[in-house]
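Below is one structure, written out as structure tokens; the observations come after it.
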């Protein structure tokens, strides 16, 4: 049962405290931020309405429960709750909560106004419990160097006489430093655009909520997207989440248009043209402009190489010229010599025959004897028969049947599809059927039970359930429209079956 359904004096019973603890662990394990925020606010409200004397025996248990829920829902908390968590509740967190505590604090800081972040960090640094094992990482997030504020300052210029870098390396560092300054400033100046988009989304929402609170929350969400803190899917989920749960409560066309507006702004802010323009501009300015001696030395090297090549080519030409002259003289002499002689057929024949005597071969008389006849063996005729010829019949190998794989009871949960769910006899019967199998596995081994639960998370029916929910949310559709969409729901899962799968998922713990 969800934590929000427990209320009144029932919260003081030890059995109820144990159940709420298990529910809180499940919420944290599934990283359900909205459920964690609702549960922590509900418990705080219920416990505040009771006398302090009555809640004293279970107070530490509830502080441990609410601390882990608040750590998960940290991006949705206000400043006072964040201060209280860092000052008084770190001792109630286990080591597994460090990851989402640090990530949530980073996301919360990113959603705050730029001009207030520095003061908030200083204030939170003074509130952090220094004895907590989480203190080092939390203080690292709250330190000024993590904000990246130095990106707007002047770029770091490396001296051309640096003892560890040559002129070319120093020039490259200075060039890219200017690129970072030019591009980073454009990416980080998002507050004004986020403010404008927030009021634009408020007009689209047609909500009854106060504009100031709505616009403030919308601006924080938009700013976190423009800074790459949240993805487009995260933003869609926050936009469609109920306003009371930390979202904006948008649906239908308002949700679709708002998501498109934010993504268009994100694409403009993070376009590659800013980087290309800044890079081209800075490359044209230096390192040649910053280090004149580098270009001079490079020109000297190039001119030396060219002159060396000319020397090599001139030497080779000098060697080749005498050879060409000698060959020409020999050819001229040969022409003069031939011209002085009589040019006739006899002379040509004599000269050619004198120079190249033909080899003499003995003349063989033709052989007038009769050629010998080659005896050929008679080729036996093929025997004809009236019987038809039968070719050999080659038998094909018998097809082997696929070997049956032995699947244990826990392995069955990995193959559950919607047909299996329906074959169990309806939604409620299916829940009882599969929960009964889980209990049977638990009686054998806790490891088998946990394996079956993990297998169910990989089953076709669970993937289909998640796909309908995620795609429907991303496209701004409510559940009934998502189930009616044949592309999302080809097996025609009903609304009753959808909620039954969700109920079964909550009970498999």
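Residue numbers (this note's numbering): 204 to 712.
Idealized CB from N, CA, C, for every residue including glycine.
Since this is a predicted model, take the numbers as computed values, not measurements.
Could you check the C-alpha separation between residue i and residue j for me, to the nearest Å?
i: residue 268; j: residue 227; result: 7 Å
i: residue 464; j: residue 458; result: 10 Å
i: residue 279; j: residue 419; result: 12 Å
i: residue 222; j: residue 208; result: 12 Å
i: residue 320; j: residue 314; result: 9 Å
i: residue 206; j: residue 471; result: 43 Å
i: residue 291; j: residue 329; result: 12 Å
i: residue 232; j: residue 307; result: 15 Å
i: residue 394; j: residue 427; result: 10 Å
i: residue 634; j: residue 705; result: 10 Å
i: residue 431; j: residue 442; result: 17 Å
i: residue 606; j: residue 293; result: Low confidence applies to residue 606: its pLDDT is 47, below 50, so where it sits in the model is not reliable, and the reading given next is rough at best. C-alpha separation (whole angstroms): 55 Å.
i: residue 415; j: residue 657; result: 45 Å
i: residue 398; j: residue 316; result: 10 Å
i: residue 404; j: residue 344; result: 31 Å
i: residue 217; j: residue 234; result: 26 Å
i: residue 433; j: residue 473; result: 14 Å
i: residue 641; j: residue 647; result: 10 Å
i: residue 447; j: residue 281; result: 14 Å
i: residue 643; j: residue 653; result: 12 Å
i: residue 498; j: residue 429; result: Residue placement at residue 498 is flagged as unreliable, the pLDDT there being 43, under the threshold of 50; the coordinate-derived value follows with that caveat. Roughly 41 Å separates the two Cα atoms.
i: residue 236; j: residue 225; result: 16 Å
i: residue 440; j: residue 661; result: 23 Å
i: residue 438; j: residue 692; result: 24 Å
i: residue 632; j: residue 333; result: 53 Å
i: residue 305; j: residue 424; result: 18 Å
i: residue 685; j: residue 679; result: 9 Å
i: residue 682; j: residue 697; result: 10 Å
i: residue 210; j: residue 417; result: 30 Å
i: residue 628; j: residue 248; result: 42 Å
With DSSP run on the structure shown, which of helix, strand or coil describes residue i?
i: residue 455; result: helix
i: residue 473; result: coil
i: residue 227; result: helix
i: residue 266; result: helix
i: residue 619; result: coil
i: residue 294; result: helix
i: residue 437; result: helix
i: residue 209; result: coil
i: residue 624; result: helix
i: residue 336; result: coil
i: residue 680; result: coil
i: residue 310; result: helix
i: residue 238; result: helix
i: residue 667; result: helix
i: residue 233; result: coil
i: residue 632; result: helix
i: residue 694; result: coil
i: residue 315; result: coil
i: residue 658; result: helix
i: residue 432; result: coil
i: residue 450; result: coil
i: residue 278; result: helix
Could you say which of the options lies nearest to residue i if we only look at CA atoms?
i: residue 259; options: 640, 660 and 215; result: 215
i: residue 649; options: 701, 665 and 711; result: 711
i: residue 663; options: 329, 616 and 403; result: 616
i: residue 613; options: 651, 461 and 266; result: 651
i: residue 671; options: 220, 659, 702 and 284; result: 702
i: residue 230; options: 276, 449, 624 and 640; result: 276
i: residue 254; options: 219, 212, 393 and 473; result: 212
i: residue 337; options: 303, 326 and 325; result: 303
i: residue 618; options: 467, 655 and 641; result: 655
i: residue 335; options: 402, 312, 692 and 296; result: 296
i: residue 411; options: 346, 445, 665 and 423; result: 445
i: residue 283; options: 311, 683 and 305; result: 311
i: residue 665; options: 624, 638 and 687; result: 624
Tell me, to the nearest whole angstrom, how far the beta carbon of residue i is from that of residue j; I am working on the premise that it is less than 8 Å.
i: residue 243; j: residue 262; result: So it is not a contact: roughly 15 Å between Cβ atoms.
i: residue 436; j: residue 677; result: 6 Å
i: residue 707; j: residue 667; result: Not quite, the Cβ-Cβ distance comes to about 13 Å (not below 8 Å), so this is no contact.
i: residue 265; j: residue 246; result: 6 Å
i: residue 761; j: residue 699; result: An answer regarding residue 761 cannot be provided, because it is not within the stretch 204 to 712 covered by the chain.
i: residue 449; j: residue 240; result: 6 Å
i: residue 396; j: residue 468; result: 6 Å
i: residue 331; j: residue 323; result: In fact, because the Cβ distance is near 13 Å, the residues do not count as touching under 8 Å.
i: residue 250; j: residue 285; result: In fact, because the Cβ distance is near 20 Å, the residues do not count as touching under 8 Å.
i: residue 460; j: residue 407; result: 6 Å
Spell out whether any CB of chain C is found under 8 Å from the CB atom of residue i.
i: residue 671; result: Going by chain labels, chain C is absent from the structure shown, which holds only one protein chain.
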